[in-house]
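Quick note on numbering: the first sequence equals residues 3 to 813 in our numbering.
Using N, Cα and C, we set each Cβ at its ideal position, and we do this for glycine too.
This one's a predicted model, so the numbers in the text were calculated from it and none came from an experiment.
Note sheet for the following structure.
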Amino acid sequence: QGDQVLHPMGWDAFGLPAENAARKHATHPARWTRENIEHMRGQLAQLGYSFDWRRELATCDPAYYRWEQLFFLWMLEDGLAYRKRATLNWCDECQTVLANEQVNPDGTCYIHDHTKVGQRELEQWFVRITKYADELLTGHAQLAGGWPEKVLEMQRNWIGRSEGALVRFALEGRDEAVEVFTTRPDTLAGATFVSLAAEHPLVTALPAGRAEEAAVRAFVQKVRAEPRDRRAAEDYEKEGVFTGAYALNPLTGARVPVWVANFVLMEYGTGAVMAVPAHDERDFAFARKYGLPVQVVIQPVPPASDPQAEIVALDGATMDAAYVGPGVMVASGELDGTLSEEGKKKVVARLTRDGRGEGKVTYKLRDWGVSRQRYWGCPIPVLHCPKCGIVPVPEKDLPVVLPEDLPYSKDVANPLAHAEAWLRVDCPRCGGAARRETDTFDTFVESSWYFLRYCDAGNQTEPWARARLDHWMPCDQYVGGVEHAVLHLIYARFFHKFLRDRGLVKGDEPFLRLFSQGMVCMTTLECPKHGWRYREEVRDDGTCVECGSKVEAGRSVKMSKSKRNVVEPSEMIAKYGVDTVRVYSVFGGPPEKNLDWSEADIQGVSRFLVRAWRVLREGAAAAVRGRAGAEAAAGAAGAAWAGLTAAEQALRHKIHDTIDRVTRDVEERWHFNTGIARLMELVSALGEALAAKPAPRDAVVAEAADAFVRLVAPFAPHLAEELWAAIGATGSVFEARWPAADAALLVKAEVELVLQVNGKTRGKVTVAADLAGPALEAAVMAQEGVRRHIDGKTVVKTIVVPGRLVNVVVK
RNA sequence: GCGAAAGUGGCGGAAUUGGUAGACGCGCAGGACUCAGGAUUCUGUGGGCGCAAGCCUGUGAGGGUUCGACUCCCUCCUUUCGCACCA
Numbered sequence: 003q004g005d006q007v008l009h010p011m012g013w014d015a016f017g018l019p020a021e022n023a024a025r026k027h028a029t030h031p032a033r034w035t036r037e038n039i040e041h042m043r044g045q046l047a048q049l050g051y052s053f054d055w056r057r058e059l060a061t062c063d064p065a066y067y068r069w070e071q072l073f074f075l076w077m078l079e080d081g082l083a084y085r086k087r088a089t090l091n092w093c094d095e096c097q098t099v100l101a102n103e104q105v106n107p108d109g110t111c112y113i114h115d116h117t118k119v120g121q122r123e124l125e126q127w128f129v130r131i132t133k134y135a136d137e138l139l140t141g142h143a144q145l146a147g148g149w150p151e152k153v154l155e156m157q158r159n160w161i162g163r164s165e166g167a168l169v170r171f172a173l174e175g176r177d178e179a180v181e182v183f184t185t186r187p188d189t190l191a192g193a194t195f196v197s198l199a200a201e202h203p204l205v206t207a208l209p210a211g212r213a214e215e216a217a218v219r220a221f222v223q224k225v226r227a228e229p230r231d232r233r234a235a236e237d238y239e240k241e242g243v244f245t246g247a248y249a250l251n252p253l254t255g256a257r258v259p260v261w262v263a264n265f266v267l268m269e270y271g272t273g274a275v276m277a278v279p280a281h282d283e284r285d286f287a288f289a290r291k292y293g294l295p296v297q298v299v300i301q302p303v304p305p306a307s308d309p310q311a312e313i314v315a316l317d318g319a320t321m322d323a324a325y326v327g328p329g330v331m332v333a334s335g336e337l338d339g340t341l342s343e344e345g346k347k348k349v350v351a352r353l354t355r356d357g358r359g360e361g362k363v364t365y366k367l368r369d370w371g372v373s374r375q376r377y378w379g380c381p382i383p384v385l386h387c388p389k390c391g392i393v394p395v396p397e398k399d400l401p402v403v404l405p406e407d408l409p410y411s412k413d414v415a416n417p418l419a420h421a422e423a424w425l426r427v428d429c430p431r432c433g434g435a436a437r438r439e440t441d442t443f444d445t446f447v448e449s450s451w452y453f454l455r456y457c458d459a460g461n462q463t464e465p466w467a468r469a470r471l472d473h474w475m476p477c478d479q480y481v482g483g484v485e486h487a488v489l490h491l492i493y494a495r496f497f498h499k500f501l502r503d504r505g506l507v508k509g510d511e512p513f514l515r516l517f518s519q520g521m522v523c524m525t526t527l528e529c530p531k532h533g534w535r536y537r538e539e540v541r542d543d544g545t546c547v548e549c550g551s552k553v554e555a556g557r558s559v560k561m562s563k564s565k566r567n568v569v570e571p572s573e574m575i576a577k578y579g580v581d582t583v584r585v586y587s588v589f590g591g592p593p594e595k596n597l598d599w600s601e602a603d604i605q606g607v608s609r610f611l612v613r614a615w616r617v618l619r620e621g622a623a624a625a626v627r628g629r630a631g632a633e634a635a636a637g638a639a640g641a642a643w644a645g646l647t648a649a650e651q652a653l654r655h656k657i658h659d660t661i662d663r664v665t666r667d668v669e670e671r672w673h674f675n676t677g678i679a680r681l682m683e684l685v686s687a688l689g690e691a692l693a694a695k696p697a698p699r700d701a702v703v704a705e706a707a708d709a710f711v712r713l714v715a716p717f718a719p720h721l722a723e724e725l726w727a728a729i730g731a732t733g734s735v736f737e738a739r740w741p742a743a744d745a746a747l748l749v750k751a752e753v754e755l756v757l758q759v760n761g762k763t764r765g766k767v768t769v770a771a772d773l774a775g776p777a778l779e780a781a782v783m784a785q786e787g788v789r790r791h792i793d794g795k796t797v798v799k800t801i802v803v804p805g806r807l808v809n810v811v812v813k
């Protein structure tokens, strides 16, 4: 309705999937990618999507990624990008490291979901997303309501903020302390031992020279050898070994043993925990197994809702499970009697005062590893100089263009490492011989800011002109799948905040509203003998090509090339036409749901469009006359509508009701499926009216045809444009306004009321819409169906819902 | 285990704020047109009883609120998704 809408399209073109596919087809990734872009652009154009192609971009284009390289230089400047040696996720199939976000929960690779991700120690580039951990969380307040709660929840889990304290336990006989993180400082007095992760630096030093040394070393080796997913398994048996060393509880001064335990994670907190068996399930199980003391320091109190509830006091010697709830502190010296929430603060204050700890917030979120040991990506703009070390490429030398003329073969993981001509470069600092960085960026770096570039895609001198960006951003409506919840959507939010801090964008959040659309799925075909069959392994009669058994429908799975269950749009277009495919894709259900691809259902849609075409062509002559008459009579409003027959009135009501409902389905709810259903009804109504004798007057036919064509245009643009001309309208239907329903016509003169007795439907009656009071009651009571059920009973009351129903309550 | 969402005909799905459950489509059944039909068209289609009018029943199960509940409340079941030794 006159609003400006930015509806761009572009190509996220770098990355492993493209590189792997190119490798498989023995072609160069650049060529493979560009050919695919051509192909897909053709398909999108064929489907009639109204993208603004002037803003098209491809992330593998130096005109695009040069700005990304600039942003990286800024990150280096700000200390937001850094290099470190770390143990990282490594996928053998991808031949590269992966970010934590790119490892599935079951430890497989996000691209190769059958390949287990291993570990490798490498020096890599990281981006300090953790600097924004807190803001990524608090920023959710601006997104609440606009984003699906599910996505926000997934991000919350991923960021994993937890508030607690760092506590230092002095080590007996050493001048260092072991530092632990806890969210329950209120239970500190109950810490009866300390557990270290097998990877903790102290696990070798502590038992050194003691009787326990050999046992500890053997245990640590065993644990470290166990694969990551094994250690995360639910049934992983909690085990540990005593180091022989003791630490001092900083609150009570008690001497507590230091253990190594297999369930303590080095990656989280400090890699060491204080064990409070009475109030932590894991510590409880561990303590019972190894006969360690259980000291109760929190006694439960009655809940506020039931202050009289009886409470059984806990006893460390006899309890059979840890008590993890809140309560009142005991056995904690001066703090006895303090409620646990309050106690947390008091203990932290005390530790701070004594220099034995302080309040601390930890996050599960880790810095984002952005370098990849692959060719098909944006070069990381730094140099390695033997004298100066790591040197950023000077801004004036950007972009560092990825050489696309390198010989590319299956056997070389990263041809950049062998591209001597490209590699050799003079160091901008000392002028000596330096070499380029051969790692490239993770593709998620490109997708973290592309939406900003759309605002000014052709700009050659800067990433975007600020005025253009401010005109469009933030993005009012973003559409994407949940699979991006903790990948793209968290990276893009981070990038936006970084660019905001550099003064390049306004606002804190890039996407105000997020819609998670469903996927197109297809039912698998299962042969009783051979299991999963691809489409080409099943004959037309539904039998297996190998054994001839009847193939049965299995479960519905996402269409994907690797599962070979993809339906090519072009095939379907060739068979049914573009408009049919478009309408089908929205008719199956609301867009947030998955669509189960079904050819039978496509035929239903095809029938509708063919019928619409036929009915509209039938009425075209009348519509043309009606339109001409209306234009001639313009100004003499209402003249065309004098003396309408009941049938004409009914059709006009249907027309305006359809306009009203389709408009709301499309604008408010995005329930295009019900919108299409209304249009189907309108075609049926018009078809019936045209077949009736007498047929409706030309003006009414023209009104129906006009409304239908405008309403169907977004769904079936080609059909609509043809019909638009056929019914005598000029110009393009896409320049015409969306129709508006006449509110007066939404109200019927007569309404059908549902008649109920005691809430059960007992009949219907058609009455004047304004009938009310005793006259209405009389009309209702006169109905046979109602009378039969109230005879001999007393009418208690009558409930009238205007325009809908009358309910008579009897006894 | 924790959290979230969802359970409606043979199927996909409708049902605006608590007001005719099953719109629309697929499938199925029967009729018409036809040499023929996988084309088109008409009719029917939640289940049960009945020739019929009509009656009973029905939205995962059980309870509740209400004149009236797919919709609101409680308990439970199932499915899907997310998290899961995070100290």
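**Request:** Tell whether a beta-carbon distance below 9 Å holds between Leu253 and Ala277.
**Result:** In the first sequence, counting from the first residue as 1, residue 253 sits at position 251. In the first sequence, counting from the first residue as 1, residue 277 sits at position 275. In this structure, Leu253 keeps its C-beta atom at 9 Å or more from the C-beta atom of Ala277.
**Prompt:** Tell me which same chain residues have a C-beta within less than 6 Å of the C-beta of Arg619, skipping the five on either side of it?
**Reply:** What you label residue 619 is simply residue 617 of the first sequence in a count that begins at 1. Once the five neighbours on either side are set aside, Arg619 has no close Cβ partner at all.
**Message:** Taking only three categories from DSSP, how would you classify Ser686?
**Reply:** Counted from its first residue, the first sequence places residue 686 at position 684. It is helical.
**Message:** Residues in the same chain with beta-carbon distance under 6 Å from Gly590, minus the five sequence neighbours each way, listed in chain order, please.
**Reply:** Residue numbering aside, residue 590 sits at position 588 when the first sequence is read from its first letter. Closer than 6 Å at Cβ, skipping near neighbours: Leu597.
**Request:** Let me know if Phe736 comes out buried or exposed under the rule of 16 or more other beta-carbons within 10 Å of its beta-carbon.
**Result:** Working through the first sequence from its first residue, we reach residue 736 at position 734. Exposed, by the Cβ-count rule.
**Request:** For Gly476, count neighbouring C-beta atoms within 10 Å of its own C-beta (all shown protein chains included) and say buried if the count is 16 or more, exposed if not.
**Result:** Counting from 1 along the first sequence, the entry for residue 476 is found at position 474. Reading off the sequence shown, one finds Pro at residue 476, where the question assumed Gly. Buried.
**Request:** Just mark Arg566 as buried or exposed, buried being the case when its beta carbon has 16 or more other beta carbons within 10 Å.
**Result:** Indexing the first sequence from 1 puts residue 566 at position 564. Sixteen is the threshold: since fewer than 16 other Cβ atoms of the shown chains lie within 10 Å of the Cβ of Arg566, the residue is exposed.
**Asked** What are the boundary residues of the beta strand (DSSP E) that Trp127 is part of?
**Response** Taking the first residue of the first sequence as position 1, residue 127 is located at position 125. Its beta strand (DSSP E) spans residues 120-129.
**Prompt:** Considering only C-alpha positions, which residue in the set Asp772, Asn760, Arg355, Thr796 is nearest to Gly809?
**Reply:** Counting from one through the first sequence, the residue named residue 809 turns up at place 807. Before going further, note that residue 809 is Asn rather than Gly in the sequence given. When only C-alpha atoms are compared, the closest one is Asn760.
**Prompt:** Going by DSSP, what residues sit across from Ile392 in a beta bridge?
**Reply:** To locate residue 392, count along the first sequence from 1; it is residue 390. For Ile392, which the question treats as bridged, DSSP gives the partners His386.
**Request:** Starting from the Cα of Ala200, find the closest Cα among Ala746, Ala263, Thr340 and give me that residue.
**Result:** Position 198 of the first sequence, counting from 1, holds the residue named residue 200. Looking at the Cα atoms, Ala263 is the closest of the given residues.
**Message:** In this structure, how does DSSP classify Arg87 when only helix, strand and coil are distinguished?
**Reply:** As a first step, residue 87 must be located in the first sequence, where it is residue number 85. In the structure shown, Arg87 sits in a strand (DSSP, three-state: E or B).
**Asked** Looking at Ala280 and Val196, is the spacing between their C-beta atoms short of 9 Å?
**Response** For the purposes of this step, residue 196 is taken as the residue at position 194 of the first sequence. For the purposes of this step, residue 280 is taken as the residue at position 278 of the first sequence. In this structure, Ala280 does not lie closer than 9 Å to Val196 by Cβ.
**Prompt:** How many Å lie between Gly17 and Tyr67 at the Cα?
**Reply:** The residue labelled residue 17 in the question sits at position 15 within the first sequence. The residue labelled residue 67 in the question sits at position 65 within the first sequence. Roughly 13 Å separates the two Cα atoms.
**Item:** Cα-Cα separation, Ala722 to Val714
**Value:** Here residue 722 corresponds to residue number 720 of the first sequence, with the count starting at 1. Here residue 714 corresponds to residue number 712 of the first sequence, with the count starting at 1. Ala722 and Val714: Cα-Cα distance of roughly 6 Å.
**Prompt:** So what does DSSP say about Trp466, is it helix, strand or coil?
**Reply:** The sequence position of residue 466 within the first sequence is 464, counting from 1. Residue state, collapsed to three classes: coil.
**Asked** How about the region 492-511 and the region 26-35: do they share at least three Cβ pairs that are nearer than 8 Å?
**Response** no
**Request:** Have a look at Cys549 and Thr525 and give me their C-alpha separation to the nearest angstrom.
**Result:** For the purposes of this step, residue 549 is taken as residue 547 along the first sequence, with counting starting at 1. For the purposes of this step, residue 525 is taken as residue 523 along the first sequence, with counting starting at 1. Going from the Cα of Cys549 to the Cα of Thr525 covers about 21 Å.
**Request:** Report, in whole angstroms, the separation of the C-beta atoms of Gly271 and Gln301, which I expect to be a contact under 8 Å.
**Result:** Within the first sequence, the letter at position 269 stands for residue 271. Within the first sequence, the letter at position 299 stands for residue 301. Not really, about 27 Å apart at Cβ, beyond 8 Å.
**Prompt:** Is the distance from the Cβ of Pro381 to the Cβ of Gln71 below 9 Å?
**Reply:** Counting from one through the first sequence, the residue named residue 381 turns up at place 379. Counting from one through the first sequence, the residue named residue 71 turns up at place 69. Against a cut-off of 9 Å, the Cβ pair of Gln71 and Pro381 comes out as a contact.
**Asked** On the three-pair Cβ rule with 8 Å, is the region 616-635 touching the region 699-707?
**Response** Short answer: they touch.
**Message:** On the criterion of 16 or more Cβ atoms from any shown chain inside 10 Å, does Arg257 qualify as buried, or is it exposed?
**Reply:** Locating residue 257 in the first sequence gives position 255, counting from the first residue. With fewer than 16 Cβ atoms within 10 Å of its Cβ, Arg257 is classed as exposed.
**Prompt:** With DSSP run on the structure shown, which of helix, strand or coil describes Val298?
**Reply:** As a working mapping, residue 298 is identified with position 296 in the first sequence. Correct three-state label for Val298: coil.
**Item:** For Pro776, the three-state DSSP class (helix, strand or coil)
**Value:** As a working mapping, residue 776 is identified with position 774 in the first sequence. The answer is helix: DSSP assigns Pro776 an H, G or I state.
**Prompt:** At which residues does the alpha helix (DSSP H) containing Arg789 begin and terminate?
**Reply:** The residue given as residue 789 occupies position 787 in the first sequence. Where Arg789 is concerned, the enclosing alpha helix (DSSP H) stretches over 786-792.
**Request:** Keeping to the same chain, check which residues put their C-beta closer than 6 Å to that of Ala624; ignore five residues upstream and five downstream.
**Result:** Translated into the one-based positions of the first sequence, residue 624 becomes position 622. Result list for Ala624: Asp700, Val703, in chain order.
**Request:** Please report how far the alpha carbon of His655 lies from the alpha carbon of Leu747, in whole angstroms.
**Result:** If you number the first sequence from 1, residue 655 lands on position 653. If you number the first sequence from 1, residue 747 lands on position 745. As the crow flies, the alpha-carbon of His655 is around 6 Å from that of Leu747.
**Request:** Return yes when the Cβ of Arg130 is within less than 9 Å of the Cβ of Tyr84, no when it is not.
**Result:** Along the first sequence, one-based indexing puts residue 84 at 82. Along the first sequence, one-based indexing puts residue 130 at 128. Against a cut-off of 9 Å, the Cβ pair of Arg130 and Tyr84 comes out as a contact.
**Prompt:** Skipping 5 residues on each side, what residues in its chain have a beta carbon closer than 6 Å to that of Gln104?
**Reply:** Here residue 104 refers to the residue found at position 102 of the first sequence. Same-chain partners within the cutoff: Tyr112.
**Asked** Exposed or buried, which one is Gln6 when buried takes at least 16 other CB atoms within 10 Å?
**Response** The residue you call residue 6 lines up with position 4 of the first sequence. Exposed, because fewer than 16 other Cβ atoms sit within 10 Å of the Cβ of Gln6.
**Asked** Do you know whose CA, among Gly787, Gly775, Arg806, lies nearest Lys799's CA?
**Response** Stepping through the first sequence from its first residue, residue 799 is reached at position 797. Per the Cα distances, Gly775.
**Sequence-distant residues of the same chain with beta carbon closer than 8 Å to Arg232, five excluded per side** = Taking the first sequence and counting its residues from 1, one reaches residue 232 at position 230. Answer for Arg232: Tyr238, listed in chain order.
**Prompt:** Three or more C-beta pairs closer than 8 Å, one from the region 485-497 and one from the region 424-438: is that the case here?
**Reply:** no
**Prompt:** Nearest to Arg170 by alpha carbon, out of Ala323, Arg352, Gly211?
**Reply:** In the first sequence, the residue the question calls residue 170 occupies position 168. Measuring from the Cα of Arg170, the nearest candidate turns out to be Arg352.
**Request:** Verify whether the separation of the beta carbon atoms of Gly192 and Ala333 is less than 9 Å.
**Result:** To locate residue 192, count along the first sequence from 1; it is residue 190. To locate residue 333, count along the first sequence from 1; it is residue 331. Their beta carbons are under 9 Å apart, which means Gly192 touches Ala333 by this criterion.
**Asked** Since Leu408 contacts Thr440 with CB under 8 Å, what's their CB separation in whole angstroms?
**Response** Position 406 of the first sequence holds residue 408. Position 438 of the first sequence holds residue 440. Between Leu408 and Thr440 the beta-carbon gap is near 12 Å, outside 8 Å, which marks them as no contact.
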